[in-house]
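Trainee:
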Amino acid sequence: MLVGVCRVILSIPESFSLKEKRRVKRSIVDKVRTRFNVSIAEVDSQEIWNELVLGISIVSTESKHIYQILSDVIKLLEEQKEAEIVDYEIEIL
Numbered sequence: 001m002l003v004g005v006c007r008v009i010l011s012i013p014e015s016f017s018l019k020e021k022r023r024v025k026r027s028i029v030d031k032v033r034t035r036f037n038v039s040i041a042e043v044d045s046q047e048i049w050n051e052l053v054l055g056i057s058i059v060s061t062e063s064k065h066i067y068q069i070l071s072d073v074i075k076l077l078e079e080q081k082e083a084e085i086v087d088y089e090i091e092i093l
């Protein structure tokens, strides 16, 4: 059994409050959960209103499958108009 972990840092340029950040986060998390069978949550920078750090994880028996799913999640996040990817890293444990 392998666990894939992805940490994504997003910038939310149009956010000027934590309320707006939560709205954007909820939208992104709902889209990812609807489309992919992954766990996703905000893992850092909870009090910074224009930055969103998401942790995404998936369990599989094949590393190729993990990379494919996490790459597809990154592609979906790149298509979001509300937030821009600043950085991300994928790790298999």
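Using UniProt numbering, the first residue of the sequence shown is number 1, and each one after it goes up by one. We treat Cβ as the ideally placed atom computed from N, Cα and C, and that holds for glycine. Keep in mind the model is a prediction, meaning the values are calculated, not measured.
1. Give the straight-line distance between the Cα atoms of G4 and S15, rounded to the nearest whole angstrom.
2. Return helix, strand or coil for I48, following the three-state DSSP convention.
3. Would DSSP call V38 helix, strand or coil?
4. Out of K21, I92, K31 and T34, which one is the CA nearest neighbour of E62?
5. Taking the straight line between their C-alpha atoms, what separation do you get for S71 and L77?
Mentor: So, to answer that:
1. Sequence index remark: in the sequence shown, residue 4 carries index 4 (1-based). Sequence index remark: in the sequence shown, residue 15 carries index 15 (1-based). Rounded to whole angstroms, G4 to S15 spans 30 Å at the Cα level.
2. Counting from 1 along the sequence shown, the entry for residue 48 is found at position 48. I48 falls in the coil class under three-state DSSP.
3. As a working mapping, residue 38 is identified with position 38 in the sequence shown. Three-state result, V38: coil.
4. Taking the first residue of the sequence shown as 1, we reach residue 62 at position 62. Nearest option by C-alpha distance: I92.
5. As a position in the sequence shown, residue 71 is number 71, starting the count at 1. As a position in the sequence shown, residue 77 is number 77, starting the count at 1. Take the alpha-carbon of S71 and the one of L77: they are about 10 Å apart.
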